[in-house]
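Peer 1:
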Amino acid sequence: MAVRDRKQRSAKSFVAKCELSPRRPLARARPSASLPQRVTGATKPAPKPAQHATTTVITASSEHTWKQISDELKSAVGPSLFDVWLAPLKLTRLDGNQLTLEAPAASRAWVTDRFGQILKSSAQSIIGADAEVHVSAAGQDPRQSVASTESHFAAEAGSELNPKYCFEQFVIGNGNRFAHGAALAVAENPGTAYNPLFICGPPGVGKTHLLHSIADYARRHGNGVRVHLTGAEAFANEFISSLRGGDINAFKARHRNADLVLVDDVQFLMAKAKTEEEFFHTFNSLRESGAQIVLTCDRPPRDLNKLEERLRDRFDSGLVADISAPDLATRVAVLNARAQLDQIEIEDDAVVELIATRVERNLRALEGALIRVVAYASLSGRNINTALAEEVLDGLFPQKPHEPKSVKLSVEEIRAVVGEHYEVSVTELCSSSRVASVLWPRQVAMYLARDHSGASLATIAASFGGRNHTTALSACKRVEQRISEDAEQANQLRQLGDQLFKTSANTRGDRS
108 MAVRDRKQRS AKSFVAKCEL SPRRPLARAR PSASLPQRVT GATKPAPKPA
158 QHATTTVITA SSEHTWKQIS DELKSAVGPS LFDVWLAPLK LTRLDGNQLT
208 LEAPAASRAW VTDRFGQILK SSAQSIIGAD AEVHVSAAGQ DPRQSVASTE
258 SHFAAEAGSE LNPKYCFEQF VIGNGNRFAH GAALAVAENP GTAYNPLFIC
308 GPPGVGKTHL LHSIADYARR HGNGVRVHLT GAEAFANEFI SSLRGGDINA
358 FKARHRNADL VLVDDVQFLM AKAKTEEEFF HTFNSLRESG AQIVLTCDRP
408 PRDLNKLEER LRDRFDSGLV ADISAPDLAT RVAVLNARAQ LDQIEIEDDA
458 VVELIATRVE RNLRALEGAL IRVVAYASLS GRNINTALAE EVLDGLFPQK
508 PHEPKSVKLS VEEIRAVVGE HYEVSVTELC SSSRVASVLW PRQVAMYLAR
558 DHSGASLATI AASFGGRNHT TALSACKRVE QRISEDAEQA NQLRQLGDQL
608 FKTSANTRGD RS
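For the working numbering, add 107 to where a residue sits in the sequence shown, where the first one is 1.
(1) With a threshold of 8 Å, are at least 3 pairs of Cβ atoms found where one atom belongs to the segment 454-473 and the other to the segment 418-425?
(2) Leaving aside the five residues before and after Lys314 along the sequence, list all residues of the same chain whose C-beta is less than 7 Å from its C-beta, in chain order.
(3) By Cβ distance, which residues of its chain are closer than 6 Å to Leu546, with the 5 residues on each side in sequence left out?
(4) Where do the N-terminal and C-terminal ends of the beta strand (DSSP E) with Leu206 fall, by residue?
(5) Determine contact between the segment 404-415 and the segment 360-378, defined as no fewer than three beta-carbon pairs at a distance below 8 Å.
(6) Throw me the rounded Cβ distance for the Arg419 and Arg409 pair, which I believe falls under 8 Å.
(7) Tell me whether Asp178 sits in a helix, a strand or coil according to DSSP, three-state version.
(8) Taking the alpha helix (DSSP H) that Val373 belongs to, which residues open and close that run?
(9) For the beta strand (DSSP E) containing Arg200, list its first residue and its last residue.
(10) Check whether the Cβ atoms of Thr493 and Ala436 sit closer than 8 Å, and answer yes or no.
(11) What distance in whole Å lies between the Cβ atoms of Gln276 and Ile233, which are believed to be in contact at a cut-off of 8 Å?
(12) Is it true that the CB of Val499 sits closer than 8 Å to the CB of Val524?
(13) By the three-class DSSP mapping on this structure, what secondary structure does Ala244 have?
(14) Out of curiosity, what's the CA-to-CA distance linking His319 and Tyr272?
(15) Do the segment 464-474 and the segment 447-454 make contact, defined as three or more Cβ pairs closer than 8 Å?
(16) Straight-line CA distance for Asp323 to Thr219?
(17) Report the three-state DSSP secondary structure of Val427 (helix, strand or coil).
(18) Look at the Cβ atom of Arg363, then the Cβ atom of Thr389, and state whether they are nearer than 8 Å.
(19) Buried or exposed, going by whether 16 or more other CB atoms sit within 10 Å of the CB of Ala171?
(20) Helix, strand or coil for Glu592, going by three-state DSSP, please let me know.
(21) Using a Cβ-Cβ cut-off of 8 Å (strictly less than) and excluding sequence neighbours within five positions of Ala496, which residues of its own chain qualify?
(22) Taking 8 Å as the limit between beta carbons, can you name the residues of its chain near Leu477, skipping five residues before and five after?
(23) May I have the straight-line CA-CA distance separating Ala286 from Ala428, to the nearest angstrom?
(24) Can you tell me the Cβ-Cβ gap for Ser581 and Ile521, rounded? I've got them flagged as a contact below 8 Å.
(25) Apart from the five residues on each side of it in sequence, which residues of its chain come closer than 7 Å, Cβ to Cβ, to Arg541?
(26) By DSSP, does Asp449 sit in helix, in strand, or in coil?
(27) Hey, how far is the Cα of Thr566 from the Cα of Glu592?
(28) Please report the residue range of the beta strand (DSSP E) in which Phe305 lies.
(29) Please report the residue range of the alpha helix (DSSP H) in which Leu350 lies.
(30) Quick check on the DSSP output: the alpha helix (DSSP H) that includes Leu402 runs from which residue to which?
(31) Could you give the uninterrupted runs of the beta strand (DSSP E) lying entirely in the segment 268-307, keeping only those of 3 residues or more?
(32) In terms of residues, what are the limits of the alpha helix (DSSP H) holding Glu519?
(33) Would DSSP call Leu414 helix, strand or coil?
(34) Starting from the Cα of Phe358, find the closest Cα among Asp366, Leu367, Phe346, Ala365 and give me that residue.
(35) Can you give the Cα-Cα distance for Ala157 and Thr337, rounded to whole angstroms?
(36) Alpha carbons only, please: which of Leu350, Arg221, Leu600 is nearest the one belonging to Phe189?
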């Protein structure tokens with residue numbers, strides 16, 4: 108009984124952890140007592156700073172803006188993660204495009220590392236493309252706060268690298284062996300081998316992991332190599348902001364003065380003519396200076412149809428290394444590695460195989476399933492076994508996924524059913540509104556249309572107010588991430604999928 112009480116008391120600590128540390132044999136899943144700490148540099152430990160009074164500049168308008176951003180965040184990460192990590196954030200200042208937040212001291216590093224980009228993109232959607240987010244620890248001078256992930260990383264390479272994303276933690280399998288070898292070769296000899304290196308594959312297969320691994324290796328072994336890591340969407344937003352602010356020279360200096368440049372998700376450059384033009388010149392400038400370029404994308408260069416041919420040719424001029432979806436053996440290896448690092452002793456080896464068999468989509472969903480099983484065991488005081496895993500996974504991933512239906516639904520049918528389910532009009536779904544009560548149903552409708560309509564992402568996006576392909580792709584990614592972490596939402600979407608076909612069958616029956 109004492110063991111169970113101890114487990115329940117520390118359950119919240121374990122759920123908050125969700126990170127990995129060296130293994131030791133345990134009879135049951137045992138939570139760690141502290142959050143992971145990030146190493147941000149080789150500076151000597153300083154005496155504990157004196158408490159600073161936070162200057163609070165809050166107006167009713169500021170509070171309203173922060174409420175809108177909070178709604179956007181909740182929609183992006185789901186209610187469970189939002190309540191644990193983002194709800195405690197406190198607005199301390201909103202000055203033009205500068206948003207300053209305060210986080211509990213124990214969790215500030217984790218919040219900026221895990222949610223830095225989401226915080227910035229959510230703020231930009233409400234405030235504007237030039238919005239900047241700063242997060243300080245409670246009791247810290249806000250002037251010492253760290254800005255959003257990619258801008259801070261550019262200033263001090265390595266400080267915002269995900270500690271999990273290194274070569275040592277990358278699980279090699281048949282689908283990623285070639286890409287891993289190419290990435291390691293580039294990390295060891297930047298600018299001399301495979302330039303550019305173009306890593307492509309579907310979401311959640313390890314592209315970003317390899318990108319961060321290269322940066323991590325260069326930071327530790329590069330002897331002063333200047334590293335610049337960013338995302339294509341961040342590049343585009345910053346470019347637009349620099350044009351409006353008249354500081355394009357500073358923008359060019361920031362993105363061109365590096366020895367190793369890594370850009371994630373270059374598919375987001377498509378259909379942005381001015382941004383493509385700037386990236387083309389940035390690419391050429393980097394190549395001429397001998398810098399190593401590494402790019403990731405969800406498809407090979409030849410399939411970037413809406414990208415200028417000259418840019419596709421540049422991407423294709425080096426080495427293209429694709430990563431395929433992980434096979435069963437790789438998924439089992441990934442789960443075993445996480446269990447080993449997370450101090451988890453799983454009593455029945457069949458549990459790992461059960462999770463790996465049930466979750467085929469990608470590694471992100473796979474890790475999410477493991478975390479959920481372990482958290483459920485910790486919270487309920489039960490051992491991790493197949494019975495418990497079945498109970499948890501049934502709420503996330505059906506034992507027998509629905510076979511593809513022979514009848515395809517129209518985007519219009521899906522849009523109508525989803526709108527009725529969430530009590531949102533079709534007009535609102537097709538509007539530019541980004542209110543959470545409209546944004547999430549719109550993303551769900553796009554996700555279901557992708558799976559059940561047979562229409563292309565471009566066609567689906569156009570059916571929601573003339574949006575573009577990348578918007579639909581981003582919506583599908585958001586939904587996939589959320590249902591991998593939120594069993595209730597996953598169950599709702601399965602029921603909604605069934606409802607779609609019942610409604611369609613009834614409609615077709617009435618017509619006949």
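Idealized CB from N, CA, C, for every residue including glycine.
Remember, predicted model here, so these are calculated numbers, not experimental data.
Peer 2: Put simply:
(1) Because the criterion of three Cβ pairs below 8 Å is not met, the segment 454-473 and the segment 418-425 do not touch.
(2) Within its own chain, the residues whose Cβ lies closer than 7 Å to the Cβ of Lys314, once the five positions on either side in sequence are excluded, are Ile306, Gly308, Thr403, Ile430, listed in chain order.
(3) Cβ within range, chain order: Ser182.
(4) Counting along the chain, Leu206 sits inside the beta strand (DSSP E) bounded by residues 205-210.
(5) Touching, yes.
(6) Yes, Arg419 and Arg409 are in contact; Cβ-Cβ is about 7 Å, under 8 Å.
(7) Residue state, collapsed to three classes: helix.
(8) Per DSSP, Val373 lies in no alpha helix (DSSP H) and is assigned neither H nor E.
(9) Where Arg200 is concerned, the enclosing beta strand (DSSP E) stretches over 197-202.
(10) With contacts defined as CB atoms closer than 8 Å, Thr493 and Ala436 fail to qualify as a contacting pair.
(11) With 8 Å as the limit, Ile233 and Gln276 do not qualify as a contact, their Cβ atoms being about 35 Å apart.
(12) No, Cβ-Cβ distance for Val524 and Val499 is not below 8 Å.
(13) Secondary structure at Ala244: strand, using DSSP grouped into helix, strand and coil.
(14) Looking at the backbone, the Cα of His319 and that of Tyr272 are separated by about 6 Å.
(15) With the cut-off at 8 Å, the segment 464-474 and the segment 447-454 do not touch.
(16) When rounded, the distance between both Cα atoms is 18 Å.
(17) Three-state DSSP puts Val427 in a strand.
(18) Yes, these two residues count as a Cβ contact at 8 Å.
(19) The identity of residue 171 in the sequence shown is His, whereas the question assumes Ala. Exposed.
(20) Three-state result, Glu592: helix.
(21) Here Ala496 has Val458, Leu461, Ile462, Val480 as same chain residues with Cβ atoms under 8 Å from its own Cβ, once five neighbours each way along the sequence are excluded.
(22) Taken in chain order, the residues that qualify are Leu442, Arg445, Ala446, Ile462.
(23) Cα to Cα, Ala286 sits roughly 5 Å from Ala428.
(24) Rounded, the Cβ-Cβ distance is 18 Å, inconsistent with contact.
(25) Excluding residues within five positions, the ones whose Cβ falls inside 7 Å are Glu179, Ser232.
(26) Three-state result, Asp449: strand.
(27) Between the alpha carbons of Thr566 and Glu592 lies a gap of roughly 28 Å.
(28) Segment 304-307, the beta strand (DSSP E) holding Phe305.
(29) For Leu350, the enclosing alpha helix (DSSP H) begins and ends at 339-352.
(30) It is not in any alpha helix (DSSP H) - Leu402 instead sits in the beta strand (DSSP E) that spans 399-404.
(31) As far as the segment 268-307 is concerned, its whole beta strand (DSSP E) runs of at least 3 residues are 304-307.
(32) Per DSSP, Glu519 belongs to the alpha helix (DSSP H) from 518-529.
(33) In this structure, DSSP gives Leu414 a state outside helix and strand, which the three-state scheme calls coil.
(34) The option with the nearest alpha carbon to Phe358 is Phe346.
(35) With a pLDDT of 40 at Ala157, under the threshold of 50, the predicted position of this residue should be treated as unreliable, though the coordinate-derived value follows. Using only the alpha carbons, I get a separation of about 34 Å.
(36) Looking at the Cα atoms, Arg221 is the closest of the given residues.
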